[in-house]
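Q:
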Amino acid sequence: MSANQEMAAKYKNSFLKEVEDQVEMGEWVKMCMQCGVCSGSCPTNFHPGWEHPPQEIFMMIRAGKREEVLTSPSMWMCTSCYNCIVRCPRKLPITHIMHGLANYAHRLGVAPKNQPTRAFSTLFWSNAIATGRVNELKLSMGLYFKDAEGKINIGEGIKKGLAMKDVALGLLKARRLNPFEIFGGHKCKDQKGIAAMLKKARELEDKRKALPQSGASR
Amino acid sequence: MTDVVATNETILVVGGGISGMTAALEAAETGKQVVLLEKNPALGGRTSQLYRYFPKMCHPTCGLEINLRRLKANPRVRVLTQAEVTGITGSAGDYTATVKLAPRYVNENCTACGACADAVKTEVDNPFNYNLGKMKAAYIPSAMAYPQRYVLHPSIIGTADAEAAKAACKYGAIDLDQKEETIEIKAGAVVWATGWQPYDAAKIQPYGYGRYKNVITSVEFERLADPHGPTGGRILRPSDGKEAKNIAFIQCAGSRDENHLRHCSRICCMASLKQTHYVREQHPEDGKSTIYYIDIRAIDRFEDFYQKVQADPSVTFVKSKVARISEDENGNPVCWGVNTEGYKRYSNPHDLVVLAVGMEPSVKGVAIPANVVFDSSGFIEADPANGGVFGAGCASNALDVNRAVQSATAAALRAIQVVNKVARAEV
Ligand SMILES: Cc1cc2nc3c(=O)[nH]c(=O)nc-3n(C[C@H](O)[C@H](O)[C@H](O)COP(=O)(O)OP(=O)(O)OC[C@H]3O[C@@H](n4cnc5c(N)ncnc54)[C@H](O)[C@@H]3O)c2cc1C
Ligand code: SF4
Ligand code: SF4
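These protein sequences, in sequence, are chains P and U. Just so we're aligned: 95 in the numbering used here is position 95 of the first sequence, and the numbers increase by one with no gaps anywhere. Just so we're aligned: 1010 in the numbering used here is position 10 of the second sequence, and the numbers increase by one with no gaps anywhere.
(1) When the distance is taken between beta carbons, is U:Phe1390 closer than 8 Å to U:Trp1192?
(2) So within the region 1281-1355 of chain U, which uninterrupted alpha helix (DSSP H) runs reach at least 4 residues, ignoring any that extend past its ends?
(3) Hey, is P:Ser217's beta-carbon within less than 8 Å of any beta-carbon in chain U?
(4) Flag this pair as yes or no: are the beta carbons of P:Leu137 and P:Phe124 separated by less than 8 Å?
(5) Tell me, please, which residues DSSP counts as bridged to U:Lys1100.
(6) Name the chain U residues whose beta carbon is nearer than 8 Å to that of P:Ser41?
(7) Between the region 1170-1181 of chain U and the region 1110-1117 of chain U, do at least 3 Cβ pairs fall closer than 8 Å?
(8) Per the DSSP calculation, U:Cys1169 is bridged to which residue(s)?
(9) List the residues of chain C whose Cβ lies closer than 9 Å to the Cβ of P:Arg133, in chain order.
(10) What is the C-beta distance between U:Pro1333 and U:Val1422, in whole angstroms, given that I count them as a contact (C-beta under 8 Å)?
(11) Of all the residues that make up the region 1296-1313 of chain U, which are near chain P by a beta-carbon distance shorter than 9 Å?
(12) For P:Arg90, go through chain U and note every residue whose CB falls closer than 7 Å to its CB, in chain order.
(13) Listed from N- to C-terminal order along the chain, which residues in the region 1333-1360 of chain U have their beta-carbon within a distance smaller than 8 Å of any beta-carbon of chain P?
(14) When DSSP labels each residue in this structure, what does P:Met25 get in the three-state scheme?
(15) Which chain U residues sit within Cβ distance under 8 Å of P:Glu56?
(16) Taking only beta carbons into account, state which residues of the region 18-38 of chain P come closer than 9 Å to chain U, listed in chain order.
(17) Suppose the cutoff is 7 Å on Cβ atoms and the five residues either side in sequence are ignored; what does the same chain contact list for P:Met197 look like?
(18) Let me check one thing: in DSSP terms, what residues is U:Val1013 bridge-paired to?
(19) Once you ignore the five residues that flank U:Gly1093 on each side, which residues in its own chain have a CB closer than 6 Å to its CB?
(20) Just to confirm, are U:Val1279 and U:Ser1272 a CB contact at a threshold of 8 Å?
(21) Taking the alpha-carbon of U:Ile1088 as reference, which of U:Glu1381, U:Ala1411, U:Ile1416, U:Ala1367 has the nearest alpha-carbon?
(22) Is it true that the CB of P:Cys32 sits closer than 8 Å to the CB of P:Arg90?
(23) If distances are taken between C-alpha atoms only, which option among U:Ile1296, U:Gly1254, U:Pro1313 comes closest to U:Tyr1306?
(24) Indicate whether at least one CB of chain P lies closer than 8 Å to the CB of U:Ile1294.
(25) So is P:Pro93 in contact with chain U if we call contact Cβ pairs under 8 Å?
(26) Mind checking who U:Tyr1209 pairs with in its DSSP beta bridge?
(27) Less than 7 Å between the CB of U:Glu1281 and some heavy atom of ligand 1, yes or no?
(28) I believe P:Ile57 touches P:Phe15 by the beta-carbon criterion, under 8 Å. Please report the beta-carbon distance rounded to the nearest angstrom.
(29) Is the CB of U:Glu1327 under 8 Å away from at least one CB in chain P?
(30) Using 7 Å as the cut-off, classify the Cβ of U:Asp1200 as near or not near the heavy atoms of ligand 1, replying yes or no.
(31) Taking only beta carbons into account, state which residues of the region 68-80 of chain P come closer than 9 Å to chain U, listed in chain order.
(32) Mind checking whether the beta-carbon of U:Gly1358 lies closer than 7 Å to any heavy atom of ligand 3?
(33) Flag this pair as yes or no: are the beta carbons of U:Pro1103 and U:Asn1040 separated by less than 8 Å?
(34) Any beta carbon from chain P within less than 8 Å of U:Ser1320's own beta carbon?
(35) By Cβ distance below 8 Å, which residues in the same chain neighbour U:Ile1018 in space, the five residues on each side in sequence not counted?
(36) Compare the C-alpha of U:Pro1475 against each of U:Pro1127, U:Tyr1207, U:Asn1371 and name the closest.
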């Protein structure tokens, strides 16, 4: 069984309960009174991609629309401006819930694959934890040599690289870009320490998520 | 020095709104001695500032008039106006209230002829109209003011205007030597009926109250609709004096909001439903009301009132709390938000936006005995720990007139029990 099927089976018909247990700040979802201030305050104006504004996502969770919510690109569109958190009359941590939902969908492997925010976050994270420092050269190369579907595409990379040539040269001159970074690159001092820290954080996180967080047991 | 005969068998009623008047009368009509204190120059409170009141759409005059008649007929109620209670000490059966008496500069000889107002030139803000418009600095607070006596605004004392008013009065009613006094009043029980204040709409930053002239509050709207109000009863936009025909009402402006007032103010849904009648009355052909709401709370038996408004084609309901207001180049306020029915974005221009502001208890800031229990919004709870202090009307909860009066009668009964006990102990 996939992680997704497992969770779906565990929570059967209660997607709200699943969100409360598994999603960061998910226990707040039930507090929403559907006033719409969060959506109305969102500066993104819901251009294409924002299929469902936050208040609709919260209603869909309560209505048990598990597939639609988890596979939706909507929560990946949140820019973390925090306007909604500031304005929500019920003080829901909406921004955090959006990220919590995105992260949960990612963990289950059902998030939209080529959603740009997700693709970038994944690339950024694996890049950063490799040496404990972000290797900017590799990060931008990773972005350049991919097409819209997320496949490696050399021609695309060269095209993007040439378009950004002047910026790159400027950065070289100002010694903000080191071409030798491509060979390993500079690292942080205590790589082992960083790895141990991340491992511990992962352990804590997994433990927290294994425990039911909502209801009387808390 | 103002003389008030009061003992620990006296019931002190603080606040002369509909609740305080009711409590005072109920107690006095059972034979108790009552002192009724009101900080404004006239009784009536905020009810008197309404144009009409739901559910029957009558004018506040009728409800108040009955009470005033009862009051005039009853020698056991001593009424002091311009009397603000600043603190209370003691315990059940033995309270002392500190009362600040502001000078009126006009004595009992006044016949309300208005000659002083004609003589005075200075104009001051008119608080009865929530400062929309000005009035002469010699004024009668409202057409139905009780006592029917003029008041001189303190800002003109010591000026030629005050002397002019004095010279104009044929009855020798103007007394410029009156001074502020602080007196103490004894009481066995206290009915606390200080009512409510409209929530400060400027604190709801995204709505632009104070920045946009055509964004006003529901209490101001009452004054605009009232023939005795600043516009003679015509609903005109503050920015350019044009007739407002397309009017938006925004519910829960400051209520049900952890950033502002956390309670539901209970009457504001009904108040906006009522105010759509004012719009239709004035523009039967082309008046338009739009109510933006989270959910309409037409408390208990008022559901039929709501249904009638729903059936009215000139009224549109939008299920959405407006997120913000901007202003277009014509000075029209524009409401922005997302409609929960369909999750569609809207940005709708209106002639005028009325914020249905919440009710905040006015108890805050008074040195009331420390044992009195308040709820998380600052309303007085009914709690045995309160001793002989009883909340009545909107000092105890967000209530409409009907419920405020019921609560005042209940408070009067409790106060009577306390002074009865004192009386028995003294026999
Ligand atoms: C926009 C709007 C429309 C409304 N329309 C309706 C309607 O149509 N029908 C209806 O039933 N209800 C309506 N209400 C509710 C109604 O206004 C209240 O129920 C009513 O005012 C309650 O009366 P009260 O005596 O408790 O308080 P208040 O009217 O506030 O009276 C309190 C009095 O106490 C005085 N006071 C305060 N502090 C002190 C102090 N320290 N010392 C001495 N005196 C003090 C004040 O000056 C005031 O006169 C409306 C409310 C709003 C906001
Ligand atoms: S602002 Fe808060 S209460 Fe209102 S719809 Fe959004 S999350 Fe729900
Ligand atoms: S009565 Fe209506 S407008 Fe007033 S706070 Fe309650 S729900 Fe909001």
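Where a beta carbon is used, it is the ideal one built from N, C-alpha and C, also for glycine.
A: Reading from the atomic positions:
(1) yes
(2) Runs found: 1303-1310.
(3) Residue placement at P:Ser217 is flagged as unreliable, the pLDDT there being 37, under the threshold of 50; the coordinate-derived value follows with that caveat. It does not: the Cβ of P:Ser217 has no partner Cβ on chain U nearer than 8 Å.
(4) no
(5) U:Glu1084, U:Thr1182
(6) Pro1206, Ala1323, Arg1324
(7) Touching, yes.
(8) As DSSP reads the structure, U:Cys1169 sits in no beta bridge.
(9) Among the protein chains in the structure shown, which are P and U, there is no chain C.
(10) The pair is not a contact, with the Cβ atoms about 56 Å apart (cut-off 8 Å).
(11) none
(12) Under a criterion of Cβ atoms nearer than 7 Å, the residues of chain U adjacent to P:Arg90 are, in order, Glu1258.
(13) For chain P, the residues of the region 1333-1360 of chain U that bring a beta carbon within less than 8 Å of one of its beta carbons are Trp1336, Gly1337, Val1338, Asn1339, Thr1340, Tyr1343, Arg1345, in chain order.
(14) coil
(15) Tyr1343
(16) So the list reads Met33, Gln34, Cys35, Gly36, Val37, Cys38, given in the order they occur along the chain.
(17) Excluding positions up to five away in sequence, the list is empty.
(18) U:Leu1036, U:Val1191
(19) Asn1008, Gly1188, Val1422
(20) No; because the gap between Cβ atoms is not below 8 Å, this pair is not in contact.
(21) U:Ala1367
(22) yes
(23) Closest by alpha carbon: U:Ile1296.
(24) yes
(25) Contacts with chain U at 8 Å (Cβ-Cβ) do not include P:Pro93.
(26) U:Tyr1212
(27) no
(28) Contact flag wrong, Cβ pair sits at about 11 Å.
(29) no
(30) No, since every heavy atom of ligand 1 falls outside the 7 Å radius drawn around the Cβ of U:Asp1200.
(31) none
(32) Checking every heavy atom of ligand 3 against the Cβ of U:Gly1358, one is found closer than 7 Å.
(33) no
(34) yes
(35) Gly1044, Gly1045, Thr1047, Gly1063, Leu1064, Asn1067, Gly1393, Val1401, Ala1404, Val1405, Ala1408
(36) Here chain U comprises residues numbered 1001 to 1427, so residue 1475 of chain U is not present and cannot be evaluated.
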